[in-house]
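Structure first, commentary second.
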Amino acid sequence: MATTHSQLNGPPAVSAPVAPAGPAFDATLFLNRELSWLDFNERVLEEARDPSNPLLDRLKFLAICASNLDEFFEVRVAGLQAQLYENLEPQDMPPDGMGPLAQLLEIARRAHDFVARLYETWLQQIHPGLREHGIRICPPGELTPNQNDFLDDYFDSQVYPVLTPLAIDPAHPFPHVHNKSLNLLLRIESLNQRGRLLYAVLQVPSVINRLVPLPDEGDAQRRFVLLEDVIGPRLDALFGGYRVIERVAFRATRNSDLSIQENEVKSSLLSTIEETLRQRKWGAPVRLEISERADEGFLAQLLSASALELEERDVYKVAGPVDLTALAGLYRLDGFRELKEPPFEPQTPACMAPRKNVFTAIREGDILVHHPYESFGTEVKFIEQASEDPQVLAIKMTLYRTADSNP
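Printed below as a string of structure tokens:
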């Protein structure tokens with residue numbers, strides 16, 4: 000049965016193969032595989048920047064851009080990092096002639112520029128546009144007393160019970176942070192010894208929605224507060240004898256490449272894959288995103304942490320919320336239909352009449368179903384009828400890039 004993948008999410012990310020040994024190539028005739036992927040994501044960013052697209056669709060493209068970049072670092076950049084520790088022979092070099100270090104340096108140069116334009120698009124185009132249309136992400140300084148009272152109650156009942164701050168000192172080194180988890184790095188001061196500063200790390204809980212909705216004010220505005228902005232002003236409750244004087248958000252991306260050799264398969268391929276997926280959260284760090292408000296003290300804590308081991312080129316300071324993928328939740332808001340393209344209604348293949356048996360149609364000739372232009376209901380109907388047919392012994396299929404909304 001036919002399957003497709005999203006044109007915007009691109010092809011599945013896999014480790015880059017090295018060129019086979021053979022005759023010498025003219026490197027000028029080849030595009031580098033990794034750099035061409037960055038060119039691909041540029042086209043997605045162009046959709047987010049295109050004012051002719053509806054505003055919430057532009058926001059969706061922006062979130063897709065950020066998600067694509069996550070996967071690029073998790074797999075492609077991670078693969079190049081691993082190659083730095085391998086002794087590549089000349090015949091193992093890719094045909095464009097760029098070794099791992101040369102690729103990493105050029106990726107860093109271009110990715111920093113890309114991230115700057117990604118956040119410029121958010122700050123100067125999409126965020127102001129959302130506010131004009133009644134969708135507001137409110138900073139703490141913009142909140143009313145009633146809204147702060149609501150967030151106090153929300154913090155006490157929903158957030159505080161799942162927070163676990165981890166202090167950093169000689170006896171407690173910088174903790175492990177999970178792949179793509181949002182964290183706060185805190186600078187705290189002792190109330191008993193003024194001037195005595197410590198650092199602590201707090202993971203922003205992933206089990207709570209990042210966009211916290213505020214109560215309706217009756218003015219046709221939909222207001223939200225980022226979860227880290229709910230937590231930040233209320234942190235003193237977590238540190239007895241200390242006060243939080245500064246905080247910055249950060250996020251580490253780790254090697255998530257899934258590469259299993261035949262000799263690594265133990266009891267079964269399924270159990271080996273499950274174990275490999277569990278180990279992903281312990282992969283080597285490949286990127287650090289951090290708020291542009293971070294000063295040298297915060298950066299020094301992160302770059303000196305043995306749990307991270309990153310180079311300065313791996314640090315991306317961002318002028319906005321760390322992790323723009325969370326903003327995709329705004330696209331799913333009820334209403335605001337004028338800010339989205341009308342939904343596309345897939346068609347049923349002409350050869351598949353509403354009451355026609357799928358097996359009868361197949362006997363009449365092959366059926367090519369082109370998604371998303373034609374309905375996936377044809378496949379669902381095929382599976383349903385097969386499950387009821389006594390002559391069908393088994394149903395086997397490959398599920399690829401499924402979503403929660405898939406049937």
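So that you can map any letter, position 186 of the sequence shown is 185 in numbering that gives the first Met the number 0, and since no number is skipped, the others follow by simple counting. Glycine included, each C-beta is placed from N, C-alpha and C at the ideal position. Fair warning: this is a prediction, and the values are worked out from it, not measured in the lab.
Would you identify the three-state DSSP class for residue i, choosing helix, strand or coil?
i	result
I136	strand
E295	helix
V285	strand
A166	strand
S305	coil
Q390	coil
S51	coil
E340	coil
V158	helix
E378	helix
L58	helix
A402	coil
A26	helix
L150	helix
T397	coil
A385	helix
E310	coil
L323	helix
Under DSSP, the beta strand (DSSP E) around residue i begins and ends at which residues?
i	result
K316	314-317
So, for residue i: in the same chain, excluding its five sequence neighbours on each side, which residues have a beta-carbon less than 8 Å away from its beta-carbon?
i	result
L79	A15, E33, P99, Q102, L103, I106
C350	A360, E363, G364, I366
V211	L150, Y153, F223, V224, L225, L226, V229
F60	L7, V43, L44, E46, A47, N52
L338	P53, L54, L55, D56, H132
P389	none
Terminal residues of the continuous alpha helix (DSSP H) containing residue i?
i	result
A47	32-48
A327	327-330
R362	357-363
Grab me the residues of residue i's own chain with a C-beta within less than 6 Å of its C-beta, minus the 5 sequence neighbours each way, in chain order.
i	result
R253	N178, G282, P284
F297	L184, V247
Mind checking who residue i pairs with in its DSSP beta bridge?
i	result
E373	Q346
S290	V317
Among the residues of its own chain, which have a CB less than 7 Å from the CB of residue i, if the five just before and after it don't count?
i	result
D168	L197
G21	The pLDDT assigned to G21 is 47, lower than 50, so where the model puts this residue is not dependable; a value taken from the coordinates is nonetheless given after this. None.
| request: For the stretch 172-254, list the alpha helix (DSSP H) runs that are entirely contained and at least 4 residues long, ordered along the chain. | output: 226-230
| message | Quick check for students: name the residue ranges of the beta strand (DSSP E) that lie wholly in the stretch 63-144, counting only runs of 3 or more. | response | 134-136
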